[in-house]
Structures are given as structure tokens and as C-alpha cells.
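Peer 1: Residue numbers for the sequence shown, in the working numbering: 2 to 171.
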Amino acid sequence: MKKIGFFVIFCFLVGCGKTSDVAQLQEYRQKLLAVQAESVQTLQDYYSSLEEGQSGMQILAVYHATLADLQQLSDQLQEIEVQDKDFHIAVGNYLSGLQAAFLRYEAPVITALGVLSGERSLSYQEEHQRIVASTMQFGSELAQLDKTFDHAYQAFYHRYKDQFSPALTP
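#1: Where does E82 fall in DSSP's three states?
#2: In chain order, what residues of the same chain have a beta carbon less than 6 Å from the beta carbon of Y64, not counting five sequence neighbours either side?
#3: Got a sec? Which residues, its chain only, sit under 7 Å from L146 by beta carbon, not counting five neighbours each side?
#4: Going by beta carbon distance, what residues of the same chain come within less than 8 Å of F157, once the five residues before and after it are set aside?
#5: Consult DSSP for E39 and reduce its assignment to one of helix, strand or coil.
#6: Three-state secondary structure (DSSP) at E258?
#7: With 16 other CB atoms within 10 Å as the buried threshold, where does E107 fall?
#8: Could you tell me whether the Cβ atoms of T43 and D70 are closer together than 8 Å?
#9: Output needed for E39: all residues of its chain with C-beta closer than 7 Å, excluding positions within five of it in sequence on either side, in chain order.
#10: Figure out for me which residue from T136, Q37, F150 has the closest Cα to the Cα of L104.
#11: Classify Q79 as buried or exposed, calling it buried when 16 or more other Cβ atoms lie within 10 Å of its own Cβ.
#12: If L26 and I81 are in contact, beta carbons under 8 Å, what's the gap, nearest whole angstrom?
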């Protein structure tokens, strides 16, 4: 009888430990996906504010605020305890790629708008062609980042798919 009681207690403790591991893994997954989603939302907010037709100096301020927000997300990612190295690296690569592409394609346009705004008021729409070309290149690079991120997420999901509920399927 003692053996059965011990076995039941042992199974309960082992089962609870596994449930805790599953909950931690799901929380980890949610944190990383939240950082990735927030980085995309940050850029959507940036482009939405540009559509409002602000002057060059206002656009420059929004640009710098967006850079600061992306850096804050990078810092936030560093604070998340690593539970799956590959997926953590994939989110980090996505975020750093996003920052690099943003700097590469937006910085020249924003700098020109900021410098020229002292001489005359330039609106976002007046530099439309250069901005569209830069945005298309930026979009292409983001599509590649999305593809790489999706591949990494699929690998992460398949490694742990038995630990996720059916509602969390990608």
C-alpha cells in the first residue's frame, strides 16, 4: 500500500513539474512573439505618423523616437531568460535586421528632410518618390526577415509542439 501511495505522489509531482515546464515554455514563447510583434507595430506607428504630413523637424523627432523604441525592444529581449537558444537568436536577428534596414533605408530620407526643413518646410509627400523607392527596398528586406523568422518559429514550434495547446498552432 505504501508503494502505491509513493507512486501516486511521485506521479503527481512529476506531472506538476512537467505542467510547470510547459507553462514556462508557453510564457517564453509569448514574450518573444510579443517583442517581435511590438517591433512591427513600432514601424507601423512610424509610417502612420509620416502620413500625417508633418514638417521635416517633426519627422526627424518621430524617426529618433522610433529608433529609441526599437533599441528598447532589443534591451527587453536581452532581459528575457533564454530557454531555446535558436528561437531567441532568431528573434534577436529579426530585431537587429529590422533596426539595420530601418537605418539603411530611412536615415538618408529623414536626414534630408531634417536638414532641408531649416531652409523651407518640406513635407513627407514632397519627397514621395525617394521615400517610395526606399520604402520598397525596406519592405523587401523586411519580407526576407519575416521569412527567416517564420522558418525559425516553425522549427521552434515543431521541437515543442507536443507541449503547446492546439489553439497555439502557428
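Note that beta-carbon positions come from the ideal geometry of N, C-alpha and C, so glycine has one too. What you are looking at is a predicted structure, and each value in this text was computed from that prediction instead of being measured.
Peer 2: Looking at the atomic coordinates:
#1: Position 81 of the sequence shown, counting from 1, holds the residue named residue 82. If DSSP states are grouped into helix, strand and coil, E82 belongs with coil.
#2: As a first step, residue 64 must be located in the sequence shown, where it is residue number 63. Only I111 meet the Cβ criterion.
#3: Locating residue 146 in the sequence shown gives position 145, where the first residue counts as 1. Y95, G98, L99, listed in sequence order.
#4: Along the sequence shown, read from residue 1 onward, the residue named residue 157 stands at position 156. Within the same chain, F157 has close Cβ partners R30, D85, D87, F88, A91.
#5: Within the sequence shown, the letter at position 38 stands for residue 39. Helix, per DSSP.
#6: The question about residue 258 has no answer here: the residues shown for the chain are numbered 2 through 171.
#7: For the purposes of this step, residue 107 is taken as residue 106 along the sequence shown, with counting starting at 1. Buried, by the Cβ-count rule.
#8: Counting from one through the sequence shown, the residue named residue 43 turns up at place 42. Counting from one through the sequence shown, the residue named residue 70 turns up at place 69. In contact: T43 and D70 (Cβ atoms closer than 8 Å).
#9: Residue numbering aside, residue 39 sits at position 38 when the sequence shown is read from its first letter. Only L74 meet the Cβ criterion.
#10: Sequence index remark: in the sequence shown, residue 104 carries index 103 (1-based). Residue T136 is the option with its Cα nearest to L104.
#11: Numbered from its first residue, the sequence shown carries residue 79 at position 78. With fewer than 16 other Cβ atoms within 10 Å, it is exposed.
#12: If you number the sequence shown from 1, residue 26 lands on position 25. If you number the sequence shown from 1, residue 81 lands on position 80. Actually they are not in contact, since the Cβ atoms of L26 and I81 sit about 13 Å apart, beyond 8 Å.
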